[in-house]
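K.L.:
Take this structure first; my questions come after.
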Amino acid sequence: MTAAYQGTSMPNVSHRTVGHTAVEKILARAARRDRVRADDVVWAEPDMITAHDLNYHRHRKLMASLGYPDLAVPEKMLVTIDHTTHSSAPGHLEAQAYMRGDTKAQNVRWFFDTGRHGISHNLPLEIGALAPGMLLVAADTRAPALGCGGAIGIALGMSVTLALATGKVWLRVPRSIRVDLHGTPRDGVMSRDIAQWIAARIGADAGDYKCIEFCGPYVRNASQDERHTLCNAVVDIGVKTAICPDESTPWHSDDDAVFERRLAWDVGDIEPQVCLPPDPQLCVPLTQALGTPITSAFIGSCIGGKMEDLRGAARVLRGRRVAAGARLTVIPATQAIYRQALSEGLVADISLAGAEIAVGVCGPCYGTHAPLGDGDTSICTATRNDTGRLGSMQSKVYIANAAVVAASAVAGRIADPVALEAGG
């Protein structure tokens, strides 16, 4: 399992002597340049800009204060209500009302209101709006997840206001780390285990402002859901972006491209994982956390509310019940995912087990739905497990794959779904 390490310094290459990485190719196209190299600074034109109910109104107010009353490229914008959908807070309701009026007045191409909504990091692929080689920018940190479709997603924070006002952004081209994955996952291992394990092995020191490029047989054979999980999880080590290149298009790295590091792992060596509170980087084998009592469980979020997750959870919950003293909340990431789960009978399996089901919102991952109280311990598929992330500062949050979360809800303690299913 030891990976090859190529050093932390980049060789001094000319723009013409060697090939290019996927992110170099995509940013060169977006910047309308023949070629760019890692560490170059470019002015790029994004192909898509996403915003949601926590930031859209802030961007627009900042634009107005700077003398930009109108959106520069409304035809490239996707806006959704996904964080505060069920909130009764006056500020949230005002922001939602503003979004409804402003997106219509500005002719925003895609606006997903309540009832048609979904999480902004899942919708672009679902509606077929994002293609290999495209550049997407967003304010929200999880934007790199959309690299699963062979595109580049970059989180800019409030700086995305520049893109809304001018249609352009400046970026430093990130250096790339290539991660080659091969082998077959063990029984009970899901993409979340592999993703968290890899993120912990790379670490924040090495991952900061990098592009993680996932390649190899495992990635080529992975579903879009699984690739989405890989690209999403590495956000927490500070990456600028991540990508699973589509090798059937030009938007993949050349054979002689220069990478800062090359890493290779056999996914068959990875066990089911649990991230201990309060940091996803505290990633340990599931066996080290077995038996920990829990009072709450959550399956959902942009990273953990996809069909892969719902199928894994429903398989465990089918014919079983959530333990007394525990509660389980399940939230598909979009309305379309909910409808697919309904058609497959997964919603019935989950509901009959005694779980609460909501639709298309960030929910507990933002702390606005089924929040934790003092003394609660939760296991979940949320993006992060910072202290207070899901509610009380006096609560604890563990992260695991959806099957482990479901098994833990049934057992009332952190449990192994393989052992649970074997025991009946």
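First residue of the sequence shown: 19, per this note's numbering; consecutive thereafter.
The beta carbon of each residue, even a glycine, is placed where N, CA and C say it ideally should be.
Here the structure is a predicted model, which means the values were calculated and not measured.
(1) What does a CB cutoff of less than 6 Å around H336 pick up in its chain, not counting 5 residues either side in sequence?
(2) Applying the criterion that 16 or more other CB atoms from any shown protein chain within 10 Å of the CB defines a buried residue, is T305 buried or exposed?
(3) Can you list, in chain order, the residues of its chain with a C-beta nearer than 6 Å to that of R245? Leave out the 5 residues immediately preceding and following it.
(4) Between which two residues does the beta strand (DSSP E) harbouring V54 extend?
(5) Tell me whether E444 is buried or exposed, calling it buried when 16 or more other Cβ atoms sit within 10 Å of its Cβ.
(6) How about F129 and V97: are their beta carbons less than 8 Å apart?
(7) Pair every Cβ in the region 422–441 with every Cβ in the region 285–299, then say whether three or more of these pairs are closer than 8 Å.
(8) Applying the 10 Å Cβ sphere with the 16-neighbour rule, what's the burial state of K258?
(9) Can you tell me whether M176 is helix, strand or coil according to DSSP?
(10) Quick one: give me the first and last residue of the beta strand (DSSP E) that V415 is part of.
(11) Using beta-carbon positions only, say whether V428 and V302 come within less than 8 Å of one another.
(12) Would you decide whether S83 is buried or exposed? Buried here means 16 or more other CB atoms lie within 10 Å of its CB.
(13) Just confirm the distance between the C-beta atoms of L45 and V253, as a whole number of angstroms; I'd bet it's less than 8 Å.
(14) Taking a contact to mean a Cβ-Cβ separation below 8 Å, would you say A447 touches G318 in this structure?
(15) How far does the beta strand (DSSP E) with M411 in it reach, from first residue to last?
(16) Distance, Cα to Cα, T313 vs R338?
(17) Who are H200's beta bridge partners in DSSP?
(18) Specify the secondary structure class of P29 as computed by DSSP and reduced to three states.
P.N.:
Well, looking at it:
(1) Correcting the residue identity first, residue 336 is Arg in this sequence and not His. Excluding positions up to five away in sequence, the list reads D367.
(2) Exposed, since its Cβ has fewer than 16 Cβ neighbours within 10 Å.
(3) Same-chain partners within the cutoff: C166, C262.
(4) Counting along the chain, V54 sits inside no beta strand (DSSP E), nor does DSSP assign it H or E at all.
(5) Lying outside 19 to 442, the shown extent of the chain, residue 444 is not represented and no answer is given.
(6) Yes.
(7) These segments touch.
(8) With 16 or more Cβ atoms within 10 Å of its Cβ, K258 is classed as buried.
(9) M176: helix per DSSP, three-state reduction.
(10) For V415, the enclosing beta strand (DSSP E) starts and ends at 414–417.
(11) Their beta carbons are not under 8 Å apart, which means V428 does not touch V302 by this criterion.
(12) By the beta-carbon neighbour count (other beta carbons within 10 angstroms, threshold 16), S83 is exposed.
(13) Your pair L45 and V253 does not check out as a contact, with CB atoms roughly 19 Å apart and the cut at 8 Å.
(14) A question about residue 447 goes unanswered here, because the residues of the chain that appear run from 19 up to 442.
(15) Per DSSP, M411 lies in no beta strand (DSSP E) segment and is marked neither H nor E.
(16) Straight-line spacing of the CA atoms in T313 and R338 works out to 17 Å.
(17) As computed with DSSP, H200 is found in a beta bridge with D284.
(18) For P29, the pLDDT reaches just 48, beneath the cut-off of 50, and the residue's location in the model is therefore unreliable, although a value from the coordinates is still provided. Coil, per DSSP.
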